[in-house]
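First comes the structure, then the notes that go with it.
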Amino acid sequence: QQQVKQSPQSLIVQKGGISIINCAYENTAFDYFPWYQQFPGKGPALLIAIRPDVSEKKEGRFTISFNKSAKQFSLHIMDSQPGDSATYFCAAANAGGTSYGKLTFGQGTILTVHP
Amino acid sequence: GAVVSQHPSRVICKSGTSVKIECRSLDFQATTMFWYRQFPKQSLMLMATSNEGSKATYEQGVEKDKFLINHASLTLSTLTVTSAHPEDSSFYICSARAPYGGLYEQYFGPGTRLTVT
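Just so you know, the protein sequences line up as chains A and B, in that order. Each residue of the first sequence is one higher than the last, beginning at 577 in this note's numbering. Each residue of the second sequence is one higher than the last, beginning at 302 in this note's numbering.
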């Protein structure tokens, strides 16, 4: 129940296109949903995060859409650029019990943006 | 702000030896740090939660005697891989919870690549 399922495993997009990555979760106690970007050989960096009380959050070219009833959330990257080529991880966390803020990561999506 | 460093960035050691990896929060005090392990092309798996001044809490399946964690100060946590074996070769990443970011916001270090020969 602590799993977060992410798809697709890999994604190829042309420059200027929209990249969409999806995640689904089971644990309804999750109340924090971040997205991380990781370049090869580096640690992940927080891109954007959302709480379940809003359905969408936008920061620059990055948008999270959140569907509480479906227990799904997605990352949209508008006007994708070659520099966006990286691995993207969704994650989820909740404050309760032994979880206390620990992040559960999805499996990751390797995004390649062709020039 | 909120910079986390790790040292070393890469280490190669022989089987049977121990290796220590340091995780430092450079511009903030972190009462809680996390240690993750990441295999090639895989996700991050939480190994343990490190709280300053107390014993680390290990995730199920992680050998506490093999992966020793010490959080001796508010800016430093160390992970020691004892009696390392080739199967311990992996990318180890730490993160620190920033005091102003609430419960959830973690800042990640750049990772340490461990290769055991």
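For glycine and all other residues, C-beta sits at the position ideal for the given N, C-alpha and C.
Please determine, among A:631, A:657 and A:623, the residue with the shortest C-alpha to C-alpha distance to residue 687 (chain A). A:657
Please name the residue in A:592, A:609, A:590 and A:650 whose C-alpha comes closest to that of residue 584 (chain A). A:650
Enumerated in chain order, which unbroken segments of the beta strand (DSSP E) with a length of 3 residues or greater are wholly contained in the stretch 598–671 of chain A? 609–614, 621–626, 632–635, 638–643, 648–653 and 662–668
Kindly indicate which three-state DSSP category residue 323 (chain B) falls into: helix, strand or coil? strand
Measuring straight from C-alpha to C-alpha, what distance separates residue 611 (chain A) and residue 358 (chain B)? 25 Å
Range covered by the beta strand (DSSP E) that runs through residue 331 (chain B): Run containing residue 331 (chain B): none; DSSP gives neither H nor E here.
Through-space distance from residue 417 (chain B) to residue 407 (chain B), alpha-carbon basis: 29 Å
Given a threshold of 16 other Cβ atoms within 10 Å of its Cβ, counted over all protein chains shown, does residue 670 (chain A) qualify as buried or as exposed? buried
Evaluate residue 619 (chain A) with the Cβ neighbour count: other Cβ atoms within 10 Å of its Cβ, from every protein chain shown; 16 or more gives buried, anything less gives exposed. buried
If contact means a Cβ-Cβ distance below 8 Å, which residues of the stretch 616–635 of chain A contact chain B? 617, 618, 619, 620, 621, 622 and 625
Does the beta carbon of residue 354 (chain B) come closer than 8 Å to any beta carbon on chain A? no
Of all Cβ atoms in chain A, is any one closer than 8 Å to the Cβ of residue 394 (chain B)? yes
CB contact below 8 Å: residue 591 (chain A) versus chain B: no
Given this structure, state the Cα-to-Cα distance separating residue 389 (chain B) from residue 336 (chain B), to the nearest angstrom. 14 Å
Neighbourhood of residue 374 (chain B) by C-beta, 8 Å cutoff - its chain only, sequence neighbours within 5 removed: 353
Run down chain A in chain order and give the residues with a C-beta less than 7 Å from the C-beta of residue 407 (chain B). 679
Among A:588, A:591, A:664 and A:596, nearest to residue 683 (chain A) - alpha-carbon criterion: A:664
Is any beta-carbon of chain A found at less than 8 Å from that of residue 412 (chain B)? yes
Cβ neighbours of residue 648 (chain A) in the same chain (closer than 6 Å, five flanking residues each side left out): 600
When the Cα atoms are used, what is the spatial distance from residue 360 (chain B) to residue 591 (chain A)? 41 Å
Compare the C-beta of residue 606 (chain A) with all C-beta atoms of chain B and state if any pair is closer than 8 Å. no
Would you report the Cα separation of residue 343 (chain B) and residue 392 (chain B), rounded to the nearest angstrom? 10 Å
Anticipated Cβ contact below 8 Å, residue 667 (chain A) with residue 681 (chain A), distance rounded: 5 Å
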